[in-house]
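Residue numbers (our numbering), protein chains in the order written: chain Y, 230 to 590; chain E, 230 to 590.
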DNA sequence: CTGTTAGCGCCTTCAG
DNA sequence: CTGAAGGCGCTAACAG
C-alpha cells in the first residue's frame, strides 16, 4: 500500500467558470478605452502598423493597458475582416505511422517561419479528407490544406480543384491538373537495389505494398528500374504485394521465404513492414543478414534498435513537409507555381546498418 | 532508364486562382437573394432551426439555391457571433511516439460525437504549449485545449487557470486546482510486477524514465508498490533512470546487465524504450526471455513483431483520449466537473507474448 | 411564416 | 498624429 496512494479524495468538484461568458477576454475596445484612445489607434500600435507614427507616450499607454488587461486579439474577428486565417491544415492518414512525424515537423517549421499556425487532422481515407476539406477550407477555418492521405479516389481531386485549389497533395502523383509534391521514391528504391547488387546479390525481391497506393507504385517502379539497370530479372513471385504495415511485411516475407528459390535479399518498401519482415525471418529460422539481406524504405530512430539494426533508405521527409508547406503558401498567395514539384535536393541515401551483407554462398 | 521516367515535363506552371479573392465562396446573402428571401430566413432553414416553420416551397427554393451555389457557411463568421468555434485543440509532445496515436483516436471520436472538430498541435515542451494556449484558446480559435505535453513547468498551470480554465491536462497530475485526467499507471505497473512475480522472479528491475515526468513517477511508484506487496526489495541500482525512448531503454538496460547481480526481469516503463532494451540484451548476448524477462508499459502493434514478441501492459489509451475530450466539453459548458479524474474502467491488463518466462535457474 | 435591425471584434479607408 | 464610420458573414431577438 505504501507509495500506492489512491487519491480519489482529490476528485472534489471544481466550480467551473460561469457558463455565460465563454470568453471574457478583453477586447480591443476595452484597451482603447483604458488608454483613452480610439480603437483604431489601439489597433494600429498593437499591430505595430508601420504606416503610422504615434506619439511614444500614447504608444506606451496603449501597450501598458493591453497587457494590464491581458489582451489577446481575437483570431476569429481578425480572420473575418482580413479574410484569411493564417492557419494551414495538414491531413494525415494515421499518426501511428512514424513516417509522418518528420513530415509534420517540416511542415510545422515552414508554417511557423511564414507566420502560419499548423493544424493536424487525422483521417484515414479520402472520404474523410473530402469532408475535412469542406469543413476546413471552405468553412474558412484554414487558408489551405496539405493532404497526405492514402488512396486517392478519382473524383475527389477534381472536386477539390473546382473549389479553388487551396490544397496540395503530398507525395501522391495525380493525373490531371492537381497541385502536388512528390519525393523521388523511384530513385530511392533504385539506390536500395544498387546497394544490394554491389554486395553481390542477384536474387533480390521486393515487398511492394498495395497496388492502389501511388507511392507503392512508384517504389516498385524504382525497384524494377534498378533491377533492369543491373541486368537482373524480376520474377513475379519476387514482388509480393501487401499492406504497408507490420502484418503486411510479415506475410509478404513468409511467402518469399517459402519459394523454391528464395531471394537472398529483400527490399521492403516501408519501414514498419520491415519489422514484420524481420519477425518472419526469425520465425522461419532465416538469419539476417547471413541468409537474407534486408533493406527498408524510409528511416527512423527505431531502425537502429531492431535486431539486427536495419539498413534503410533515407528520404527527405522533413524537407517534403517543409517544401510542401511553402508551396501551399505560394498557392494561397496566388503565385505562379509548378503543378507537380519533385523534391530532388537532399537526395535519398542509404544508411547502412547490420541487416545487409553479401549473399550466402 | 526503363520505367524510371523523370517527368519533370509535367512541372508546367499552373495558373493560380487570382490573388484578389482568397475565398470566392458564396455567402448566405447570395443564397438568400438567389432564392428571393431574406438572409435570416435562409439562415434558419439552412441551419434547420427547429423553432421555425417555413413553407415547404420556400425551404426547397433555399436549399436548391444553396447547393446550386455550393454554399458552405463560414465557420469564422459563425464563430464570431456564436462566440464558440466548436473546435478543440490537442497538444501532443511528439507524433513520433506511437503511444499518442490511440489517445488521438479516442479524442477524435469523442469530439466528433459531440459535434466538435479536433485539431492537433505538436509541441515538445510546455513553453510552446503555453504559446499554443495563448494562440488557440485566448485567440479564440478553439473552445478548449487538451494538453498532453511532457514536463510541466510549475508556473504554467496557474497561469492557465487564471485565464479561464478551458483546458485539461492529460495524464499528468498537477498540484493545485488544475483539471486533469489520469490513467492508473500505478496499477498497470503493479500488474506487471505481479506477472513477473507469479513467474517466479525475485530480482526484478525497472527502467524508470526521467524523474521530472509525472507519468514516470507514478509508474515507478506502481513498481515499488508491486514489489513491496510481494515482499521484494528494490535496490537503488535496479531502478535506473533515463529517457523514455529507444536510446534510454538501451542505456538503462546496459547498466542493469552489467550489475554484479543482474536482474532476471525488467519492467520497461515505456514501449519504445523496450525496443532499446531488447537491442541491449541482444548485444550483450543475453537471451530474452531465457536469461531475462522483459515486460513493457503500453501496447502497440509493433510489440507483436519485435524479437521476441513483447509482453506488454495494455492501458486504456483510447478511452483516455475519449474521456478527456468529454471532460473538456463539460468544462467548456460550465458543468460541474471533478478536478482530477482517474480513469479506472477498462482496467490495465497484461498482454502476454514471448518476452516473459520463469527465471533461469 | 418571414423580414428588420443589431451587433460579434476587428481592420481600414477617409476625414479632421 | 488620431478619431469616426463602415463592413467582413452570420445569428438572434423583435416585429410584422
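C-beta: ideal position from N, C-alpha, C; glycine also.
Contact set for residue i: own chain, Cβ-Cβ below 6 Å, skip 5 residues either direction
{"i": "residue 580 of chain Y", "result": "528, 541, 543"}
{"i": "residue 438 of chain Y", "result": "445, 473, 498"}
{"i": "residue 583 of chain Y", "result": "537, 538"}
{"i": "residue 283 of chain E", "result": "274"}
{"i": "residue 328 of chain E", "result": "527"}
{"i": "residue 513 of chain E", "result": "486"}
{"i": "residue 459 of chain Y", "result": "426"}
{"i": "residue 372 of chain E", "result": "313, 314, 561"}
{"i": "residue 482 of chain Y", "result": "506, 509"}
{"i": "residue 432 of chain E", "result": "492, 493"}
{"i": "residue 300 of chain E", "result": "255, 260"}
{"i": "residue 251 of chain Y", "result": "Note that residue 251 of chain Y has pLDDT 40, beneath the 50 cutoff, so the model's placement of it is unreliable and the number below is only indicative. Contacts found: none."}
Delimiting residues of the beta strand (DSSP E) encompassing residue i
{"i": "residue 540 of chain E", "result": "540-543"}
{"i": "residue 536 of chain Y", "result": "It is not in any beta strand (DSSP E) - residue 536 of chain Y carries neither H nor E in the DSSP assignment."}
{"i": "residue 434 of chain Y", "result": "433-436"}
{"i": "residue 412 of chain E", "result": "409-412"}
Distance CB(residue i)-CB(residue j) smaller than 8 Å
{"i": "residue 335 of chain Y", "j": "residue 315 of chain Y", "result": "no"}
{"i": "residue 451 of chain Y", "j": "residue 416 of chain Y", "result": "yes"}
{"i": "residue 522 of chain Y", "j": "residue 425 of chain Y", "result": "yes"}
{"i": "residue 258 of chain E", "j": "residue 302 of chain E", "result": "no"}
{"i": "residue 434 of chain E", "j": "residue 495 of chain E", "result": "yes"}
{"i": "residue 466 of chain Y", "j": "residue 449 of chain Y", "result": "no"}
{"i": "residue 547 of chain Y", "j": "residue 331 of chain Y", "result": "yes"}
{"i": "residue 551 of chain Y", "j": "residue 280 of chain Y", "result": "no"}
{"i": "residue 291 of chain Y", "j": "residue 266 of chain Y", "result": "yes"}
{"i": "residue 401 of chain Y", "j": "residue 443 of chain Y", "result": "yes"}
{"i": "residue 549 of chain Y", "j": "residue 399 of chain Y", "result": "yes"}
{"i": "residue 436 of chain Y", "j": "residue 478 of chain Y", "result": "yes"}
{"i": "residue 469 of chain E", "j": "residue 520 of chain E", "result": "no"}
Own chain partners of residue i with C-beta closer than 7 Å, once the 5 adjacent residues on each side are dropped
{"i": "residue 295 of chain E", "result": "260, 275"}
{"i": "residue 571 of chain Y", "result": "411, 413"}
{"i": "residue 463 of chain Y", "result": "453, 456"}
{"i": "residue 390 of chain Y", "result": "406, 407"}
{"i": "residue 340 of chain E", "result": "317, 346, 347, 554"}
{"i": "residue 229 of chain Y", "result": "The requested residue 229 of chain Y does not occur in the structure, where chain Y is confined to residues 230 to 590."}
{"i": "residue 573 of chain E", "result": "413"}
{"i": "residue 395 of chain E", "result": "366, 372, 373, 374, 560, 561"}
N-terminal and C-terminal residue of the alpha helix (DSSP H) that residue i is part of
{"i": "residue 511 of chain Y", "result": "500-512"}
{"i": "residue 396 of chain E", "result": "Careful: residue 396 of chain E lies outside any alpha helix (DSSP H), inside the beta strand (DSSP E) at 396-399."}
{"i": "residue 467 of chain Y", "result": "From DSSP, residue 467 of chain Y is part of no alpha helix (DSSP H); its letter is neither H nor E."}
{"i": "residue 483 of chain E", "result": "475-486"}
{"i": "residue 546 of chain Y", "result": "546-561"}
{"i": "residue 592 of chain Y", "result": "This structure gives no information on residue 592 of chain Y, because the portion of chain Y shown stretches from 230 to 590."}
Strand pairing of residue i, partner residues [DSSP]
{"i": "residue 525 of chain Y", "result": "Y:497, Y:541"}
{"i": "residue 569 of chain E", "result": "E:409"}
{"i": "residue 580 of chain E", "result": "E:541"}
{"i": "residue 374 of chain Y", "result": "Y:318, Y:396"}
Other residues of its chain near residue i: CB distance less than 8 Å, five sequence neighbours each side excluded
{"i": "residue 361 of chain Y", "result": "318, 320, 350, 352, 374"}
{"i": "residue 476 of chain E", "result": "505"}
{"i": "residue 585 of chain Y", "result": "424, 425, 428, 494, 518, 522, 523, 524, 540"}
{"i": "residue 516 of chain E", "result": "510"}
{"i": "residue 287 of chain E", "result": "264, 266, 270, 274"}
{"i": "residue 342 of chain Y", "result": "none"}
Cβ-heavy atom distance, residue i to the ligand FAD, below 7 Å
{"i": "residue 555 of chain Y", "result": "For the structure depicted, the ligand FAD is absent and the ligand set is empty, with no information on it obtainable."}
Output the residue ranges of the alpha helix (DSSP H) runs that lie fully inside the stretch 263-289 of chain E and measure 4 residues or longer, sorted by chain position.
Runs found: 268-275.
Which whole runs of the alpha helix (DSSP H) in the stretch 308-352 of chain E are 4 residues long or more, in chain order?
If we require 4 residues or more, the alpha helix (DSSP H) runs fully inside the stretch 308-352 of chain E come out as 328-342.
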